[in-house]
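In the working numbering, the protein residues as written are -11 to 413. Yeah, the Cβ is synthetic: ideal placement off N, Cα and C, and Gly gets one too. Encoded as structure tokens, the structure appears first; notes follow it.
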Amino acid sequence: MPSDIDIAIIGAGAAGLAAGIFAAETNPHLSIALLDSAKTIGAKILVSGGGRCNVTNQRVTASDFHGNRKLIDRILRRFDEQATIRWFSSLGIPLKTEATEKLFPVTNKARTVLDGLLRRCEALGVSLLTQHFVQDLTRKGEDFSIQHSQGTLRAKRVILATGGRSLPKTGSDGSGWDLAQRLGHTVTPTYPALVPLLLEPAFFHATLSGISHDVMLTTTLAGKTLDRCTGSLLWTHFGISGPVVLDASRVWVGAAAQGKAVRLHLHCFPHLSNQDVEKWLMQAATLPGRKLVSTLLAERLPTRVASMLASIQEPGLSDTPINLLPKEARRNLIRTLTNLDLPVIGSRGWNFAEVTAGGVPLEEISVHSMGSRHMPGLYVIGEMLDCDGRIGGFNFQWAWATGYLAGCHAALDIMKQPVAAEGQR
């Protein structure tokens, strides 16, 4: 590997690999290298989507993300979900759309995605430098000097793609933000997103561990609704998980990190209003057969969940015939079923978070190229940016889109010496 190259990409995750491929395809004559601290790359790709890698979604819009949605929209339009499908097809990785609108490789194996990206890098002559932890990044004249654990490298353009702090065992340690700050960027407060939540140990969740069902979760602050999500919840020994919890966690964790008294409420019948639930219970009380409360609830909820929720307000209520349920008890039951206050005490943290909230503000980046507005020749992409999507392939779409823009424009900019600041173009 020469000591002087055209484009250095720091971080060989999804966004970095995409940037390397698109840069090489834009200008095949460039020398391009990806530097990564890990011994083997792609760990986060391999564990994503339950080992199947949910590469994108059937429909992706800025509303699926947290951040400056106006700028997010402009980036996503440059490389949308259809572009991702065509790109993966060109890599020999056909995708399939599931009922959830998530897209996976037809092989159902994340390894297929990683191997396809690595094969393309090899075919294009993109160098993969593993165990190269970047310790410092400085501007030297028109170029950049990269000090890493194996020595020093000089590059005309640098793309920062080190990721955030989620799943640190895969190599994401947040060190890329330090590099960005040294070159003039700021970093908004960061915290875990798409992460399971912990409940008070004395709550009943452990007795329901392993059971999942569809719910609606509403996050509130001082009685005002901040967020509302619908989907599958999984009860666990530590608290709650599942897609709807991961989506809801972003707002709850963010508010809690600011010291706010944020609350999370459970609605067990996401497609029914409070009035619908009351009507259902009252109609059941008029029918012959004298169903028990728990038996009736079990028609729409898992049996153990039904029994637990029926008795949480008043022990023994689950074995009461629905027609003998006192009016006040019925009201309390409806409140439990539609607005149960979940005693969240925190999240499982970075080790279990799928993505990072916060990062380099999009306002400091040209959405046309992902180029830095503070440092000519520098690009910032992927999870390093203050943009995070909900569960369902949206964060991978962000990686492909930002990688595409940075890779293409970094390659084209090599032809322009010296480089003007992105904000001046």
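Nearest to L173 (by Cα), restricted to the options F382, K404, M372: Numbered from 1 along the sequence shown, position 185 holds the residue referred to as residue 173. Here the sequence assigns His to residue 173, which means Leu is not the residue at that position. Ranking F382, K404, M372 by Cα distance to H173 puts M372 first.
Looking at the secondary structure, which residues open and close the beta strand (DSSP E) in which M204 lies? Here residue 204 refers to the residue found at position 216 when the sequence shown is read from its first residue. It spans 200 to 209 - the beta strand (DSSP E) in which M204 sits, taken as one unbroken run.
From G211 to I199, what does the alpha carbon distance come to, in whole angstroms? Residue 211 sits at position 223 when you count from the first residue of the sequence shown. Residue 199 sits at position 211 when you count from the first residue of the sequence shown. Roughly 29 Å separates the two Cα atoms.
Report the rounded CA-to-CA distance for S160 versus T206, giving the unit in angstroms. By one-based count along the sequence shown, residue 160 stands at place 172. By one-based count along the sequence shown, residue 206 stands at place 218. Distance between the alpha carbons of S160 and T206 is about 30 Å.
Counted within 10 angstroms of its Cβ, other Cβ atoms place L400 as buried (16 or more) or exposed: For the purposes of this step, residue 400 is taken as residue 412 along the sequence shown, with counting starting at 1. By the neighbour-count rule (16 or more Cβ atoms within 10 Å), L400 is not buried but exposed.
Could you check if L325 is buried or exposed, using at least 16 other CB atoms within 10 Å of its CB as the buried criterion? In the sequence shown, the residue the question calls residue 325 occupies position 337. Label assigned to L325: buried.
Would M363 and L171 qualify as a contact pair, given that the criterion is a beta-carbon distance under 8 Å? Locating residue 363 in the sequence shown gives position 375, where the first residue counts as 1. Locating residue 171 in the sequence shown gives position 183, where the first residue counts as 1. Yes, they are a contact pair.
Residue range of the alpha helix (DSSP H) that R57 falls in? In the sequence shown, residue 57 corresponds to position 69, counting from 1. Taken as a continuous stretch (DSSP letters only), the alpha helix (DSSP H) holding R57 covers 57 to 66.
Report the residue from F382, M204, S19, L182 whose alpha carbon sits nearest the alpha carbon of R336. By 1-based counting over the sequence shown, the position of residue 336 is 348. Residue L182 is the option with its Cα nearest to R336.
Keeping to the same chain, check which residues put their C-beta closer than 7 Å to that of A409; ignore five residues upstream and five downstream. For the purposes of this step, residue 409 is identified with residue 421 of the sequence shown, where counting begins at 1. Confidence in A409 is poor, its pLDDT being 34 and thus under 50, which makes the residue's placement unreliable; the coordinate value appears in the next sentence. If we look at A409 and ignore the five residues flanking it on each side, its Cβ neighbours are R361, P364.
Is it buried or exposed for T72, if we count other Cβ within 10 angstroms and need 16 for buried? Translated into positions along the sequence shown, residue 72 becomes position 84. It counts as buried.
Nonlocal neighbours in the same chain, by C-beta distance under 6 Å from G411, ignoring five residues either side: Residue numbering aside, residue 411 sits at position 423 when the sequence shown is read from its first letter. For G411, the predicted structure reports a pLDDT of 35, less than 50, and the residue's modelled location is therefore unreliable. A value from the coordinates is still provided. Around G411: R361.
The beta strand (DSSP E) spanning K212 covers which residue range? Here residue 212 refers to the residue found at position 224 of the sequence shown. Where K212 is concerned, the enclosing beta strand (DSSP E) stretches over 212 to 223.
Cα-Cα, which of H255, R292, V293, L305 is closest to K279? As a working note, residue 279 is residue 291 in the sequence shown. When only C-alpha atoms are compared, the closest one is L305.
Environment of V48 [buried if 16+ CB atoms lie within 10 Å]: Within the sequence shown, residue 48 is the residue found at index 60, counting from 1. Answer is buried; the Cβ neighbour count reaches 16.
Are there 16 or more other CB atoms within 10 angstroms of the CB of V94, so buried, or fewer, so exposed? Counting from 1 along the sequence shown, the entry for residue 94 is found at position 106. Burial call: exposed.
In its own chain, which residues sit with a C-beta less than 7 Å from the C-beta of V407, not counting the 5 before and 5 after it? The residue you call residue 407 lines up with position 419 of the sequence shown. Because the pLDDT at V407 is just 35, under 50, the model does not fix this residue reliably, and the value given afterwards should be weighed accordingly. Within the same chain, V407 has close Cβ partners P364, G365, D401.
So, helix, strand or coil for R238, using DSSP? Within the sequence shown, numbered from 1, the residue matching residue 238 stands at position 250. Correct three-state label for R238: helix.
Nearest-angstrom Cβ-Cβ length linking G346 and T176, presumed shorter than 8 Å: In the sequence shown, counting from the first residue as 1, residue 346 sits at position 358. In the sequence shown, counting from the first residue as 1, residue 176 sits at position 188. Confirmed, about 4 Å.
Which runs of the beta strand (DSSP E), 3 residues or longer, sit entirely within the region 57 to 139? The region 57 to 139 contains these whole beta strand (DSSP E) runs: 83 to 85, 90 to 93, 115 to 117, 122 to 128, 131 to 136.
Is the beta carbon of A21 sitting closer than 8 Å to the one on A(-4)? Counted from its first residue, the sequence shown places residue 21 at position 33. Counted from its first residue, the sequence shown places residue -4 at position 8. Yes, the pair counts as a contact, with Cβ atoms nearer than the cut-off.
For T291, count the other beta carbons within 10 Å of its own beta carbon; 16 or more makes it buried, fewer makes it exposed. Which is it? As a working mapping, residue 291 is identified with position 303 in the sequence shown. Burial call: exposed.
Where in the region 260 to 317 do unbroken runs of the alpha helix (DSSP H), each at least 4 residues long, occur, reported from the N-terminal end onward? 262 to 274, 281 to 285, 291 to 299
Helix, strand or coil for H397? Go by DSSP, reduced to three states. Locating residue 397 in the sequence shown gives position 409, counting from the first residue. Helix, per DSSP.
Distance check for V281 and Q70, CA to CA, integer angstroms please. Taking the sequence shown and counting its residues from 1, one reaches residue 70 at position 82. Taking the sequence shown and counting its residues from 1, one reaches residue 281 at position 293. Whole-angstrom Cα-Cα distance: 49 Å.
Measuring CB to CB, does F53 end up less than 8 Å from L393? Your numbering for residue 53 matches position 65 in the sequence shown. Your numbering for residue 393 matches position 405 in the sequence shown. No; because the gap between Cβ atoms is not below 8 Å, this pair is not in contact.
Cβ contact (3+ pairs, closer than 8 Å) linking the region 218 to 234 and the region 263 to 274: no
Which of helix, strand or coil DSSP assigns to H356: If you number the sequence shown from 1, residue 356 lands on position 368. In the three-state reduction of the DSSP assignment, H356 falls in the coil class.
Which residue marks the beginning of the beta strand (DSSP E) containing I20, and which one marks its end? Taking the first residue of the sequence shown as 1, we reach residue 20 at position 32. 20 to 23 is the span of the beta strand (DSSP E), which, as asked, contains I20.
Coil, strand or helix - N339 by DSSP: Here residue 339 refers to the residue found at position 351 of the sequence shown. Note: N339 maps to helix in three-state DSSP.
Close Cβ partners of K84 (< 8 Å) along its chain, the five nearest in sequence each way excluded: Here the question's residue 84 lines up with position 96 in the sequence shown. So the list reads L91, F92, P93, V94, once near-sequence residues are dropped.
Relative to the C-alpha of S25, which candidate in M403, Q119, S51 has its C-alpha closest? Taking the first residue of the sequence shown as position 1, residue 25 is located at position 37. When each option's Cα is compared against that of S25, the closest is Q119.
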